[in-house]
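Only one structure is covered here, and it is reproduced in the block below.
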Amino acid sequence: MTGQPLIQVLDKTLKLHKSLHQLALKKTTIIKEGDISRLNELMKEELKHVSAIQMLEGKRSGLACTITGKKESTLTECLPFLPQGEQKELKLLQGKMEEVLSGLKEQNQLNQQLIEQSMQYVSMNLHLLMPQAESQSYSSQGQEQSADHIKPIFNSKA
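The numbering of the sequence shown is UniProt numbering, which starts it at 1 and goes up by one.
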């Protein structure tokens, strides 16, 4: 049995993962700039990539099962059933895929950290703008007034 269809699917999957990694790099820049609308657009593009990768993963799984004759098979389990040249090509693609996935994982972790820091910054600013419960102020008549009667600058519940 030939492994060319499996090689083609794996090559397409690798290209999509590389493209997804490029999107993750762009996402880092967008997060740093704080451009929410561009971030939303980029996330929609990422979703398209993920859907295509899932579809190709289904094809890869089906082809691997056909090659090995098992219900579930990995790429490594397919190797003994393929000619030597195709084995080398699959191993090469598998190595490249591992590199790309490792880089993508690192970039996504960085993006997650940046988003968490941004959220902490926003939260800190909200706390600075909201009055504290134990603070007191004075009314125009000079009488002390508790914080229960002070309204915040903006409605944070909206």
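Even for Gly, the Cβ is constructed at its ideal location relative to N, Cα and C.
Under 8 Å between C-beta atoms of residue i and residue j
i, j, result
"L39", "L93", "no"
"L79", "L90", "yes"
"I115", "I30", "no"
"H17", "L75", "no"
"C65", "E72", "yes"
"Q49", "L104", "Note that residue 49 corresponds to His in the displayed sequence, not to Gln. No, they are not a contact pair."
"K9", "K59", "Per the sequence shown, the amino acid found at residue 9 is Val instead of Lys. Yes, these two residues count as a Cβ contact at 8 Å."
"Q107", "T28", "yes"
Expected contact under 8 Å - CB spacing of residue i and residue j to nearest Å
i, j, result
"A24", "N111", "6 Å"
Neighbour-count burial assignment, residue i, 16 or more Cβ in a 10 Å radius
i, result
"L6", "buried"
"residue 173", "Coverage of the chain is limited to positions 1 through 158, which leaves residue 173 absent and any answer about it impossible."
"L47", "exposed"
"K44", "exposed"
Close Cβ partners of residue i (< 6 Å) along its chain, the five nearest in sequence each way excluded
i, result
"E86", "G3"
"residue 159", "Beyond the ends of the chain as shown, which are 1 and 158, falls residue 159; an answer cannot be given."
Neighbourhood of residue i by C-beta, 8 Å cutoff - its chain only, sequence neighbours within 5 removed
i, result
"I67", "M1, G3, L6, S73, C78, F81, L82"
"S19", "H49"
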